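Presented below is the structure to which this report refers.
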Amino acid sequence: MKKLKGEEVVEQDIIDHFNKEILSTGANRFGIPFTELSHLGNWQNFIYEYKKANQKYILRFTPSSHRSVNAVIGEMDWLLYLAQNDVSVSRPIQSKSGNYVEVINTANVVFIVSSFIKAEGSKIGYPECLNDTNLYYKLGQIMGKVHSLSKVYKPKDELTRRHDWHQNYYLKNVDNFIPSDQILVLEASRNVINKIQNNIPKDENSYGLIHGDIGVGNFLVNDEGKITLFDFDEAQYSWFIEDIAIPLYYFVYVYGGEDGKARRESQARLFMEHFLKGYKEQSYFDEKWLKQIPIFLLLREIIVYAGCYRSWDFSTLHQWNIDWLKESRIRIENSESVVNIW
0 MKKLKGEEVV EQDIIDHFNK EILSTGANRF GIPFTELSHL GNWQNFIYEY KKANQKYILR
60 FTPSSHRSVN AVIGEMDWLL YLAQNDVSVS RPIQSKSGNY VEVINTANVV FIVSSFIKAE
120 GSKIGYPECL NDTNLYYKLG QIMGKVHSLS KVYKPKDELT RRHDWHQNYY LKNVDNFIPS
180 DQILVLEASR NVINKIQNNI PKDENSYGLI HGDIGVGNFL VNDEGKITLF DFDEAQYSWF
240 IEDIAIPLYY FVYVYGGEDG KARRESQARL FMEHFLKGYK EQSYFDEKWL KQIPIFLLLR
300 EIIVYAGCYR SWDFSTLHQW NIDWLKESRI RIENSESVVN IW
C-alpha cells in the first residue's frame, strides 16, 4: 500500500534556490549550528530536525510561493492559542530575536522559517490503524476540543487570517494538475465546489478554523495513548464537518477491489462510532451534519486525486496506486463519495 497525497514534494525550481547559505541563516536565527540539522524531507516545505538540551525540535523553511508570511504568522497564532488551551500540538518556539516567524529574503524566493517542539510518540500507520477503536476515540476527543476552541477563536487581524476552504492549493489548481482530457473529472470537480459553496449554510457553530489535513501522517501517539497533532500548514476556515470527513477518508480509501465497497462501509461505521463518542465529550455535534459527510468525502477525493497528478511519477507506480487511481476517477466522474452510510 502506497501513500497518496502525502508524497507531495517541493517544486524543483524552489529546490534549486534553497542552498546551504539559506539553511545556515535560518538555523542561526533559532540559535542552532546548521551542522546539527538532520534533513527529514522536502514536502511543500523543507523540514529538518535538531536537538537542544535533550529536546527534539523541527525547523521548517516555507517558500513564499507556497504560503505568505502573514499566512504562516496566522498558523503560529492558531497553534499557540490551541497550546495555551491545553490541546496537545507541536508548539512553535521563538527565535533568538523573540519571533515565531523569521523571514529570509533572496533574489528569487522568500523563505519563511519557523520552529516547533517535536511531537512525542510514534505514527500508527497502515494496516495497524484500521482496527484501532481507541485511536478513533482519542482522535474524536482532540478534534472536538479543537473545534470547541475554534468557535471562540479570533485571529489577530484580517491580514493574518487563514484562507477559506475554496482557496485550498489543490482546488485552485485542479485545472493545472489534472489532465485536460479528463473532462468528466474536471466538470464534476467544479460542480462539487459550486454545490458546497452555494448550498451549505454556515454559522459560528458549524464553520471555523480547522486543521484541514488530519491523516495518519499528521499526528503521533505516545506510550500512554496521548495524541499530539502537528503540521497545521493546511489550516483553513471551513465547516467542522469537513475536518471530520478528512480522517474518515484516510481510514476508508485503502479498501478497493470487488469487496471494497462493503469493507469501506464497515470501516466507516467502526470509525464514526468511536470517533463521535470522543468528539461529543468535547464539543456539541448536531447529527444533521452527517448528511453532508459524503460531499466532503468527495471534495477530499478530488484534492487527493489532484495531488497525485501533481506529485506522482507515473512511470514507477505500484499496482495498488494504479488500481486506486482508476477507481477514484470513476467515483469522481460519477459524483460518488468513497463511502456513504448516511
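Numbering-wise, numbering that gives the first Met the number 0 puts 140 at position 141 of the sequence shown, and it's gapless, one number per residue.
All C-beta atoms in this analysis are idealised placements derived from N, C-alpha and C, irrespective of residue type, glycine included.
All values derive from a computational prediction rather than experimental measurement.
Open item on the list: Quick test of your reading: Leu-275 and Ser-336, contact by CB under 8 Å. State the CB separation rounded to the nearest angstrom.
Closed with: Actually they are not in contact, since the Cβ atoms of Leu-275 and Ser-336 sit about 18 Å apart, beyond 8 Å.
Task: Arg-59, buried or exposed, once every other Cβ within 10 Å from all chains shown has been counted against 16 - done: By the 16-neighbour rule on beta-carbons within 10 angstroms, Arg-59 is buried.
Open item on the list: When you measure from the CB of Arg-90 to every non-hydrogen atom of the ligand SAH, does any distance come out below 7 Å?
Closed with: Ligands in the displayed structure: none, and consequently the ligand SAH is not present.
Task: Counterpart residues of Asn-41 in DSSP-defined beta bridges - done: Looking at the DSSP assignment, Asn-41 forms a beta bridge with Phe-45.
Open item on the list: What does the alpha-carbon distance come out to for the pair Phe-176 and Ser-188?
Closed with: Distance between the alpha carbons of Phe-176 and Ser-188 is about 12 Å.
Open item on the list: With H, G and I counted as helix, E and B as strand and the rest as coil, what does DSSP make of Phe-250?
Closed with: Note: Phe-250 maps to helix in three-state DSSP.
Open item on the list: Let's see if you can read the secondary structure: which residues bound the beta strand (DSSP E) around Lys-55?
Closed with: 54-62 is the extent of the beta strand (DSSP E) around Lys-55.
- [ ] Flag this pair as yes or no: are the beta carbons of Phe-115 and Ile-92 separated by less than 8 Å?
- [x] Yes, these two residues count as a Cβ contact at 8 Å.
- [ ] Report the rounded CA-to-CA distance for Val-303 versus Tyr-278, giving the unit in angstroms.
- [x] Rounded to the nearest whole angstrom, the CA to CA distance from Val-303 to Tyr-278 is 25 Å.
Open item on the list: Can you look up Ser-23 in the DSSP assignment and give me helix, strand or coil?
Closed with: Ser-23 falls in the helix class under three-state DSSP.
- [ ] Identify every residue that forms a DSSP beta bridge with Pro-91.
- [x] Beta-bridge partners of Pro-91 (DSSP): Phe-115.
Task: Simplified DSSP assignment, three categories, for Gln-281 - done: If DSSP states are grouped into helix, strand and coil, Gln-281 belongs with the helices.
TODO: Would you decide whether Ile-321 is buried or exposed? Buried here means 16 or more other CB atoms lie within 10 Å of its CB.
DONE: That one is exposed.
Task: Complete alpha helix (DSSP H) runs within the region 138-173 (minimum length 4 residues, chain order) - done: Entirely contained in the region 138-173, the alpha helix (DSSP H) runs reaching 4 residues are, in chain order, 168-171.
Task: Alpha carbon of Thr-105 to alpha carbon of Pro-62, nearest angstrom - done: Thr-105 and Pro-62 have their C-alpha atoms roughly 11 Å apart.
- [ ] Compare the beta carbon distance of Glu-119 and Asn-221 with 8 Å and say whether it is the shorter of the two.
- [x] Here Glu-119 is near Asn-221, since their CB atoms are less than 8 Å apart.
Task: Ranges of the beta strand (DSSP E) found wholly within the region 192-237, counting only runs of at least 3 - done: Runs of the beta strand (DSSP E) inside the region 192-237: 206-209, 218-220, 226-228.
Open item on the list: Given a cut-off of 8 Å on the beta-carbon distance, is the pair Ile-381 and Asp-212 in contact?
Closed with: A query on residue 381 cannot be resolved here, the shown segment of the chain reaching from 0 to 341 and no further.
Open item on the list: Rounding to the nearest angstrom, what Cα-Cα distance links Ile-301 and Phe-17 in this structure?
Closed with: Cα to Cα, Ile-301 sits roughly 30 Å from Phe-17.
Open item on the list: At the level of alpha carbons, what is the spacing between Asp-242 and Leu-208?
Closed with: Going by C-alpha positions, Asp-242 is about 10 Å away from Leu-208.
- [ ] Compare the beta carbon distance of Val-191 and Ser-310 with 8 Å and say whether it is the shorter of the two.
- [x] Not in contact: Val-191 and Ser-310 (Cβ atoms no closer than 8 Å).
Task: Lys-19 to Ile-195 span [Cα, whole Å] - done: Looking at the two C-alpha atoms, the distance is approximately 44 Å.
TODO: Take the Cβ of Asn-44 as the centre, count every other Cβ of all protein chains shown within 10 Å, and call the residue buried at 16 or more, exposed below.
DONE: Label assigned to Asn-44: buried.
Task: DSSP-derived helix/strand/coil call for Asn-333 - done: Three-state result, Asn-333: coil.
TODO: Count the other CB atoms, across all protein chains shown, that sit within 10 Å of the CB of Gly-30; report buried if there are 16 or more and exposed otherwise.
DONE: So Gly-30 ends up on the exposed side.
Task: For Ile-340 and Lys-144, the rounded distance between their alpha carbons - done: CA-CA distance, Lys-144 to Ile-340, rounds to 25 Å.
Task: Length of the line joining the Cα atoms of Val-173 and Gly-256 - done: Roughly 26 Å separates the two Cα atoms.
- [ ] Excluding the 5 residues preceding and the 5 following Gly-224 in the sequence, name in chain order all residues of the same chain whose CB lies nearer than 7 Å to its CB.
- [x] Closer than 7 Å at the Cβ level, and outside the excluded window around Gly-224, lie Asn-133, Lys-137.
Task: Own chain residues within Cβ distance below 6 Å of Trp-238, not counting five before or after - done: Sequence-distant Cβ neighbours of Trp-238 in its own chain, meaning closer than 6 Å and more than five residues away, are Ser-205, Tyr-206.
Open item on the list: Would Asn-273 and Gly-124 be called neighbours here (beta carbons separated by less than 8 Å)?
Closed with: Checking the sequence shown, residue 273 turns out to be His, not Asn. No, the pair does not count as a contact, with Cβ atoms beyond the cut-off.
Open item on the list: For a quick check, are the C-beta atoms of Ile-21 and Ile-103 less than 8 Å apart?
Closed with: Yes, the pair counts as a contact, with Cβ atoms nearer than the cut-off.
- [ ] Can you check DSSP and say which residues form a bridge with Ile-103?
- [x] Ile-103 pairs with Phe-110.
Task: Identity of the residue in Ile-13, Glu-332, Gly-25 nearest Ile-182 by Cα - done: Of all alpha-carbon atoms in Ile-13, Glu-332, Gly-25, the one lying nearest the alpha-carbon of Ile-182 is that of Glu-332.
Task: Backbone CA spacing between Lys-171 and Glu-35 [nearest angstrom] - done: Each residue's alpha carbon lies about 38 Å from the other.
Task: Alpha-carbon spacing of Leu-129 relative to Phe-33, whole angstroms - done: Each residue's alpha carbon lies about 39 Å from the other.
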